[in-house]
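In numbering that gives the first Met the number 0, the protein residues as written are 0 to 244. These notes are about the structure you will find just below.
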Amino acid sequence: MLQWQTGTVVAAWPETPRTKSFRLSIPRFDAFRPGQRVDIRLTAPDGYQTQRSYSIASAPGTGEFINLTVELIEDGEVSPYFHDVVQAGDKIEFRGPIGGPFTWTKAQGGPLLLVAGGSGVVPLMSMLRHRASGDIAARPRAALLYSSRDISDVIYRDELVQMAEEDDGFDLRLTLTRQQPAGWDGYARRVDVSMLQDVIANLTEPLHSYVCGPTDFVESVSALLLEHGLPMQSIRTERFGPSGT
Ligand SMILES: Cc1cc2nc3c(=O)[nH]c(=O)nc-3n(C[C@H](O)[C@H](O)[C@H](O)COP(=O)(O)OP(=O)(O)OC[C@H]3O[C@@H](n4cnc5c(N)ncnc54)[C@H](O)[C@@H]3O)c2cc1C
Numbered sequence: 000m001l002q003w004q005t006g007t008v009v010a011a012w013p014e015t016p017r018t019k020s021f022r023l024s025i026p027r028f029d030a031f032r033p034g035q036r037v038d039i040r041l042t043a044p045d046g047y048q049t050q051r052s053y054s055i056a057s058a059p060g061t062g063e064f065i066n067l068t069v070e071l072i073e074d075g076e077v078s079p080y081f082h083d084v085v086q087a088g089d090k091i092e093f094r095g096p097i098g099g100p101f102t103w104t105k106a107q108g109g110p111l112l113l114v115a116g117g118s119g120v121v122p123l124m125s126m127l128r129h130r131a132s133g134d135i136a137a138r139p140r141a142a143l144l145y146s147s148r149d150i151s152d153v154i155y156r157d158e159l160v161q162m163a164e165e166d167d168g169f170d171l172r173l174t175l176t177r178q179q180p181a182g183w184d185g186y187a188r189r190v191d192v193s194m195l196q197d198v199i200a201n202l203t204e205p206l207h208s209y210v211c212g213p214t215d216f217v218e219s220v221s222a223l224l225l226e227h228g229l230p231m232q233s234i235r236t237e238r239f240g241p242s243g244t
């Protein structure tokens, strides 16, 4: 049984207008695998407790530090607290790392197909940051197909674009479902089978696929991947909760 521990928030910064990242210092944290999460527990002065899961956004190998990225759910209980109240210096109760099948390390090889909806990109970013560490020639090929409402909602945009520019083995495809900036040359619709076919054709048949985001997004994308003919056991999914759409 994992013990609850206390970590310290050492930094907090906005990623997009609706997401914020937090760097936690957690001295007694076991090594983790990209894709894993932590549970966060909040306790009110009257003793009421509530907990939520948050994926680790950083790659292993940063010592006692991990990053989390939290999307604001306006009528939510925990995410508004992170956005409005939590700041550097605060103590946070957590347990982890947690999670088995939805993990990937370079030793598992590739090609690697990652499909994200909204904040579902967080655990996939941990995988990509892990993949990007070390020798470029030894990195398995990877593609990220990432669906957001509009360009301002694309979390880690600068880092992802830079990763794609510096590494021919990483293919970044963005789709903006609600609004596109002038001159947009990415996709402009919900993820569909022809979009997945494009990405897979460029990647060559993926060995591992990871799909993460709102529940209905994950269900529809995994059904499309099966329809495309990928074996069920090669597809791993993580559902973050109801659709934000
Ligand atoms: C394994 C796992 C990993 C997760 N990792 C992350 C992460 O890295 N970053 C992150 O931001 N969230 C992540 N989540 C979602 C997170 O745990 C919370 O569910 C989310 O922050 C909402 O909590 P809340 O207390 O603010 O809202 P709640 O009080 O739980 O819910 C308020 C309202 O919002 C709806 N709602 C709940 N969750 C969502 C959602 N994800 N999208 C849209 N509507 C929702 C509820 O149905 C309800 O109507 C993860 C969830 C799981 C299961």
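Ideal Cβ placement from N, Cα and C applies to all residues, glycine included.
*With Asp152 as the anchor, note down where its alpha helix (DSSP H) starts and where it stops.*
Looking up residue 152 in the sequence shown gives position 153. Taken as a continuous stretch (DSSP letters only), Asp152 belongs to no alpha helix (DSSP H), as it is neither H nor E.
*In this structure, does DSSP put Tyr80 in helix, strand or coil?*
Numbered from its first residue, the sequence shown carries residue 80 at position 81. The three-state secondary structure of Tyr80, taken from DSSP, is helix.
*Identify which residue in Gly133, Ser151 and Val8 has its Cα closest to the Cα of Glu14.*
Here residue 14 refers to the residue found at position 15 when the sequence shown is read from its first residue. Out of Gly133, Ser151 and Val8, Ser151 has the C-alpha closest to the C-alpha of Glu14.
*asked:* Which residue marks the beginning of the alpha helix (DSSP H) containing Gln196, and which one marks its end?
replied: Locating residue 196 in the sequence shown gives position 197, where the first residue counts as 1. Going by DSSP, Gln196 is part of the alpha helix (DSSP H) stretching over Val192 to Leu202.
*Looking only at its own chain, which residues have a Cβ that is under 8 Å from the Cβ of Arg40, when we skip the five neighbours before and after it?*
Here the question's residue 40 lines up with position 41 in the sequence shown. Cβ neighbours of Arg40 beyond the five flanking positions: Trp3, Gln48, Thr49, Gln50, Glu92, Phe93 and Arg94.
*Neighbourhood of Ser221 by C-beta, 7 Å cutoff - its chain only, sequence neighbours within 5 removed*: Here residue 221 refers to the residue found at position 222 of the sequence shown. Within the same chain, Ser221 has close Cβ partners Val210, Ile234 and Thr236.
*Comparing alpha-carbon positions, which option in Arg17, Ser57 and Val8 lies nearest Ile154?*
Along the sequence shown, one-based indexing puts residue 154 at 155. Of the candidates Arg17, Ser57 and Val8, Arg17 places its Cα closest to the Cα of Ile154.
_beta-carbon Arg36 near ligand 1 non-hydrogen atom, thresh 7 Å_ = What you label residue 36 is simply residue 37 of the sequence shown in a count that begins at 1. In this structure, ligand 1 has a non-hydrogen atom nearer than 7 Å to the beta-carbon of Arg36.
*With C-beta atoms as the reference, is Leu206 less than 8 Å away from Gly108?*
Against the sequence shown, residue 206 aligns to sequence position 207. Against the sequence shown, residue 108 aligns to sequence position 109. In this structure, Gly108 lies closer than 8 Å to Leu206 by Cβ.
*If you measure from the CB of Asp74, is any heavy atom of ligand 1 nearer than 7 Å?*
As a first step, residue 74 must be located in the sequence shown, where it is residue number 75. Inclusion of Asp74 in the 7 Å shell around ligand 1 follows from its C-beta lying nearer than that to a non-hydrogen atom of the ligand.
_What would DSSP say about Arg128, mapped onto helix, strand or coil?_
As a position in the sequence shown, residue 128 is number 129, starting the count at 1. In the three-state reduction of the DSSP assignment, Arg128 falls in the helix class, which pools H, G and I.
*Whose C-beta lies closer than 6 Å to the C-beta of Gln168 among residues of the same chain, with five residues either side of it excluded?*
Position 169 of the sequence shown holds residue 168. Here residue 168 is Gly; the residue named in the question, Gln, does not match the sequence. Closer than 6 Å at Cβ, skipping near neighbours: Arg138 and Arg140.
_When Leu173, Glu70 and Gly75 are compared against Tyr145, the one with the closest alpha-carbon_ = Counting from 1 along the sequence shown, the entry for residue 145 is found at position 146. With distances taken between Cα atoms, Tyr145 lies closest to Leu173.
*Is there contact here, the segment 129-137 with the segment 71-87, by at least three beta-carbon pairs under 8 Å?*
The segment 129-137 vs the segment 71-87: no contact.
*Cα separation between Ala187 and Arg32?*
Translated into positions along the sequence shown, residue 187 becomes position 188. Translated into positions along the sequence shown, residue 32 becomes position 33. If you take the alpha carbons of Ala187 and Arg32, they lie about 33 Å apart.
*Check whether the Cβ atoms of Pro26 and Glu63 lie closer than 8 Å to each other.*
Locating residue 26 in the sequence shown gives position 27, where the first residue counts as 1. Locating residue 63 in the sequence shown gives position 64, where the first residue counts as 1. Cβ distance < 8 Å, so Pro26 and Glu63 count as in contact.
*6 Å Cβ shell around Pro163 - same chain, five flanking residues per side excluded*: Here residue 163 refers to the residue found at position 164 of the sequence shown. A small correction: the amino acid at residue 163 is Ala; Pro does not occupy that position in the sequence shown. Hits under 6 Å: Phe169 and Leu171.
*Apart from the five residues just before and just after Pro230, which ones in its own chain have a Cβ nearer than 7 Å to its Cβ?*
Reading the sequence shown from its first residue, position 231 is the one you call residue 230. So the list is empty, once near-sequence residues are dropped.
*Could you please give the first and the last residue of the uninterrupted alpha helix (DSSP H) stretch that includes Asp215?*
For this step, residue 215 is matched to residue 216 along the sequence shown. Counting along the chain, the alpha helix (DSSP H) containing Asp215 begins and ends at Thr214 to His227.
_Quick check on Gln196: buried or exposed, where buried means 16 or more other Cβ atoms within 10 Å of its Cβ?_
What you label residue 196 is simply residue 197 of the sequence shown in a count that begins at 1. Flag for Gln196 reads exposed.
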